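K.L.:
There are 2 protein chains.
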Amino acid sequence: MRTVIAQASLHAALQHVMPAAAVSPAIPALSGIRLQADAGGLTLTGSNEVTRLQYHIPSDDPALSVLEEGGAVIPARRFGDLIRYLGEEAVALEAGKEMLQIRTAGTVCRLALAARDASEFREAFDLTDVVRIRISNRDLKRMVKQVSFAAASSEARMVLTGVLCRVDGSRLSLTATDGIRLAFCSSELEDSAGEMGPSAVIPAKSLSTYAQILGDAGFSRISIGTNAVELESGRFRMLSSLLGGAYPSVDGLKPARELTRVTLHTASLLQAVEGASVLSGDQQHLMLLTVSPKQAILSSTSSGTGEMQVTVPWDGPVSGIPAAPLTVSFNGKYMKEMLRSIASDRVQLVLAGPDRPIVLEPVDDRPGAEAYYLLTPIRTPAVLASPTSPA
Amino acid sequence: MRTVIAQASLHAALQHVMPAAAVSPAIPALSGIRLQADAGGLTLTGSNEVTRLQYHIPSDDPALSVLEEGGAVIPARRFGDLIRYLGEEAVALEAGKEMLQIRTAGTVCRLALAARDASEFREAFDLTDVVRIRISNRDLKRMVKQVSFAAASSEARMVLTGVLCRVDGSRLSLTATDGIRLAFCSSELEDSAGEMGPSAVIPAKSLSTYAQILGDAGFSRISIGTNAVELESGRFRMLSSLLGGAYPSVDGLKPARELTRVTLHTASLLQAVEGASVLSGDQQHLMLLTVSPKQAILSSTSSGTGEMQVTVPWDGPVSGIPAAPLTVSFNGKYMKEMLRSIASDRVQLVLAGPDRPIVLEPVDDRPGAEAYYLLTPIRTPAVLASPTSPA
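Structure, rendered in structure tokens:
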């Protein structure tokens, strides 16, 4: 392989594929970035056991000249660091049997390959029976941010580390839950995918990596197969295995009967939860929310350290305010993460009783957009359940 | 104690004193921030065994009302977090025997005191026999950045964790060394301090904390005593113990006889060292620098992984270029830290032979400013000492 490429283009390409390079993989080649040069251009690939990131620079890009076709697998971190510190000039890459030579006007570097054989990279993701959809990158990024934080971080139930992705006609829905909190959002697609598509569980980490690297402009094409998924936008492409196992049924979890619905300013509620978090130092980050006629009262207590109450006034319509104050208790850290993932200015809080899931619904004016969050309340001793109103 | 103060003022004041609050101190009170309100205003103090940071808000500041004099010691981190999350409004503070009440329009919080007795804070730093100097904050920040990184991080020789501070007539000199590298800078003061003042060793950490918090505008007054030092600028004040023990003699370390002097572009040399660092993965971060007629050649080798050579052209006068290439070897990490601390565009590299300290002198046009860096070379096996010139 021999190519010449502008440092800025090579650096940008590496930024797209580095996140997938495995840190200490079972297959040594996966610690590297694969370069493949052919008549079509230069393709960079970073891969781990679950996800593959690819970036393709086409041969008609003036930043690239392919002088000799071929491939090589280069140690990811060292290669990335080296390219980062080169000046903005042309970089000549030439792969030998054991080394890659990297040359600019002022630099010559020889780097041992991570693997002699580029074929050690797993070639095939099983993309069969695919359903294809197309979504603007802006919408996709927003949806992924809305749900991915709620997936389980523990691998105790592997399938919960994923995001459930459903296509139904022209509607795409994403759901994530770790069993205590749940995040759901759905969006109308511009192109209809036709009939009811499959349910696929995409690893949350893969999905957020893709969405974080992705630019705001343009569209992503998503191909959902039986065992794998492909997301592609321009030169950038991700392939990921899907998570197996049955995703729990999530459709009936939102309480059908609602008692109280209030509207709050998202940033004010978040600020209040952050303040109250300072004094909810126990493991459960216990926090109480009391609905009173004029406002919500957030309160937290840390035994021996102090106590806090913050009032948050309504910021829109309210209904079903109970005669006696209604208090729910919950994990403040979870509430914080939910509120941080909401882009809307205002949010509705829906309560169905102290033991029923707390519902948050972002007030979103975009047509066809829907989102809600569920948070299981914490049962608390009665003594904590009635904060005194601040004077 | 009862005061009302604008959230923004209280938050800013806390930012100045928090860095000194001890994390798990022998004296519990030191984990707190002390508030003292009196006719003069409100003073906040954070303190550890070595350093005290103080911020004073005078009573004529419209952001402050002292309603009742008194003091309290509040848990530092919780207090800081709470104030950060309050809205920009008036904050009423009222200290009881065991609790501080913090109240805004929407928030009421009671926080257990860190200590019942504010007097547990050490009262006296021994500021006797002081020499006083005055220096612009801009110059002080620059000087501290130039030297403090070179102090020892290990406490094996306690005195080397400090910065040697000398006043001689109207000149202030700072020196720091860990035994392998040394950083020196000196500056002409606007006000002459008179005769030769004392040598004091100020803990490097205290000095950089003060300099980092300090704004660019204004002046600092420095009072150097026998056992302690005080730095003060406007409302902000630091007291620190000095380090005892004899500071090693540093005056004769710079080689008197110089063979070769070359001028380089600081940022280009730093970029080259950062690039070569990628392949100097051993513990010593071994790197070679070869002086050839037209340029410097930096090279590094990582056994089994690769090798690298970067050329850096001269960027100014050179003298004493040897007929045969002259190579010195050194710790690349140390070289990087030195170069990062240099604000000047260009730097002179002075060599007195492969076994003599490498000297770096920033090219600084400010009148009266002087600075240099010394780096002890690493002795290397002959086989590494002659890089081939890149084509």
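So the protein lines, in turn, are chains A and B. If you read the first sequence in the numbering used here, its first letter stands for residue 1, the second for the next number, and so on. If you read the second sequence in the numbering used here, its first letter stands for residue 1001, the second for the next number, and so on. For glycine and all other residues, C-beta sits at the position ideal for the given N, C-alpha and C. A quick note: this is a predicted structure, and the numbers were derived from the prediction, not measured.
Applying the criterion that 16 or more other CB atoms from any shown protein chain within 10 Å of the CB defines a buried residue, is residue 69 of chain A buried or exposed?
P.N.:
Classification for residue 69 of chain A: exposed.
K.L.:
Select from A:293, A:31, A:365, A:266 the residue whose C-alpha is nearest the C-alpha of residue 77 of chain A.
P.N.:
Considering only alpha carbons, the answer is A:31.
K.L.:
Rounded to the nearest angstrom, what separates residue 387 of chain A and residue 1063 of chain B at their Cα positions?
P.N.:
With a pLDDT of 49 at residue 387 of chain A, under the threshold of 50, the predicted position of this residue should be treated as unreliable, and no value is reported.
K.L.:
By DSSP, does residue 1093 of chain B sit in helix, in strand, or in coil?
P.N.:
Correct three-state label for residue 1093 of chain B: strand.
K.L.:
If you measure beta-carbon to beta-carbon, which residues of the stretch 1103 to 1116 of chain B are closer than 7 Å to chain A?
P.N.:
For the stretch 1103 to 1116 of chain B, which is checked against every Cβ of chain A, the residues closer than 7 Å are 1106, 1107, 1108, 1109, 1110, 1111, 1112.
K.L.:
Under 8 Å: do the stretch 132 to 145 of chain A and the stretch 314 to 321 of chain A share three or more Cβ pairs, one atom per stretch?
P.N.:
These segments do not touch.
K.L.:
Would you mind stating whether residue 137 of chain A and residue 234 of chain A have Cβ atoms separated by less than 7 Å?
P.N.:
Their beta carbons are not under 7 Å apart, which means residue 137 of chain A does not touch residue 234 of chain A by this criterion.
K.L.:
Please state whether DSSP places residue 232 of chain A in a helix, a strand or coil.
P.N.:
Strand at residue 232 of chain A.
K.L.:
Do residue 332 of chain A and residue 262 of chain A have their CB atoms nearer than 7 Å?
P.N.:
Their beta carbons are not under 7 Å apart, which means residue 332 of chain A does not touch residue 262 of chain A by this criterion.
K.L.:
Determine whether the beta carbon atoms of residue 187 of chain A and residue 369 of chain A lie at a separation below 7 Å.
P.N.:
Cβ distance < 7 Å, so residue 187 of chain A and residue 369 of chain A count as in contact.
K.L.:
Exposed or buried, what is residue 48 of chain A when buried is set at 16 or more other beta-carbons lying within 10 Å of its beta-carbon?
P.N.:
Flag for residue 48 of chain A reads buried.
K.L.:
Report the residue ranges of all beta strand (DSSP E) runs contained in full by the stretch 265 to 350 of chain A; include only those spanning at least 3 residues, in chain order.
P.N.:
Fully enclosed beta strand (DSSP E) runs of 3 or longer: 286 to 291, 295 to 302, 306 to 313, 326 to 331.
K.L.:
Interface residues of chain B around residue 310 of chain A at Cβ under 7 Å?
P.N.:
In chain order: 1106, 1107.
K.L.:
In chain B, which residues lie with their C-beta within 9 Å of the C-beta of residue 274 of chain A?
P.N.:
Chain B residues near residue 274 of chain A: 1081, 1084, 1085.
K.L.:
Would you say residue 243 of chain A and residue 306 of chain A are within 7 Å of each other, going by their C-beta atoms?
P.N.:
No, they are not a contact pair.
K.L.:
Taking residue 253 of chain A as part of the alpha helix (DSSP H), name the residues at either end of that continuous run.
P.N.:
No alpha helix (DSSP H) contains residue 253 of chain A, which DSSP labels as neither H nor E.
K.L.:
Whose C-alpha, out of A:33, A:104, A:23, A:344, is nearest the C-alpha of residue 13 of chain A?
P.N.:
Answer by Cα proximity: A:33.
K.L.:
For the beta strand (DSSP E) holding residue 1006 of chain B, just list the boundary residues, first then last.
P.N.:
Where residue 1006 of chain B is concerned, the enclosing beta strand (DSSP E) stretches over 1002 to 1006.
K.L.:
Short of 9 Å Cβ to Cβ, which residues in the stretch 1217 to 1241 of chain B face chain A?
P.N.:
Cβ contacts with chain A come from no residue of the stretch 1217 to 1241 of chain B.
K.L.:
With a CB to CB cut of under 8 Å and the five nearest residues on each side skipped, what residues in its chain are close to residue 214 of chain A?
P.N.:
Result list for residue 214 of chain A: 137, 140, 141, 220, 233, 236, in chain order.
K.L.:
Do you know whose CA, among B:1099, B:1183, B:1103, B:1008, lies nearest residue 1111 of chain B's CA?
P.N.:
Of the candidates B:1099, B:1183, B:1103, B:1008, the one whose C-alpha sits nearest the C-alpha of residue 1111 of chain B is B:1099.
K.L.:
Find the residues of chain B that neighbour residue 94 of chain A, judging by a C-beta separation of less than 7 Å, and give them in chain order.
P.N.:
Those within 7 Å of residue 94 of chain A in chain B number zero; the least Cβ separation is about 13 Å.
K.L.:
For chain B, check one thing: does any of its Cβ atoms lie closer than 7 Å to the Cβ of residue 271 of chain A?
P.N.:
Output row for residue 271 of chain A: interface = yes.
K.L.:
Looking at chain B, is there any beta carbon in it that lies within less than 7 Å of the beta carbon of residue 278 of chain A?
P.N.:
Yes, contact with chain B.
K.L.:
For residue 358 of chain A, which beta-bridge partners are listed by DSSP?
P.N.:
In the DSSP output, where bridge partners are listed per residue, residue 358 of chain A has A:375.
K.L.:
Under a CB-based cut-off of 7 Å, is residue 346 of chain A close to chain B?
P.N.:
No - not a single Cβ of chain B is within 7 Å of the one on residue 346 of chain A.
K.L.:
Given a cut-off of 7 Å, decide if residue 133 of chain A and residue 165 of chain A are closer than it, judged by their beta-carbon atoms.
P.N.:
Cβ distance not < 7 Å, so residue 165 of chain A and residue 133 of chain A don't count as in contact.
K.L.:
Would you say residue 1368 of chain B faces chain A, with C-beta separation under 7 Å as the test?
P.N.:
No - not a single Cβ of chain A is within 7 Å of the one on residue 1368 of chain B.
K.L.:
CA-CA distance, residue 1339 of chain B and residue 1154 of chain B?
P.N.:
Distance between the alpha carbons of residue 1339 of chain B and residue 1154 of chain B: 22 Å.
K.L.:
For residue 307 of chain A, would you say it is in contact with chain B, using Cβ-to-Cβ distances shorter than 7 Å as the test?
P.N.:
So, interface residue.
K.L.:
My guess is that residue 1268 of chain B and residue 1312 of chain B are in contact by the Cβ rule of under 8 Å, so how many angstroms apart are they, rounded?
P.N.:
Yes, they are in contact, since the Cβ atoms of residue 1268 of chain B and residue 1312 of chain B sit about 5 Å apart, within 8 Å.
K.L.:
Should residue 1159 of chain B and residue 1245 of chain B be called a contact, given that it needs their Cβ atoms to be closer than 7 Å?
P.N.:
Contact flag set, yes.
K.L.:
Contact between the stretch 1077 to 1092 of chain B and the stretch 1102 to 1109 of chain B is defined here as three or more beta-carbon pairs at a separation below 8 Å; is this criterion met?
P.N.:
Yes, they touch.
K.L.:
What residue range is occupied by the uninterrupted alpha helix (DSSP H) comprising residue 143 of chain A?
P.N.:
Here the alpha helix (DSSP H) through residue 143 of chain A covers 137 to 147.
K.L.:
With 7 Å as the threshold, decide whether the Cβ of residue 2 of chain A is near any Cβ in chain B.
P.N.:
For residue 2 of chain A, the answer is no, since every Cβ of chain B falls outside 7 Å of its Cβ.
K.L.:
Where do the ends of the alpha helix (DSSP H) carrying residue 76 of chain A lie?
P.N.:
Where residue 76 of chain A is concerned, the enclosing alpha helix (DSSP H) stretches over 76 to 85.
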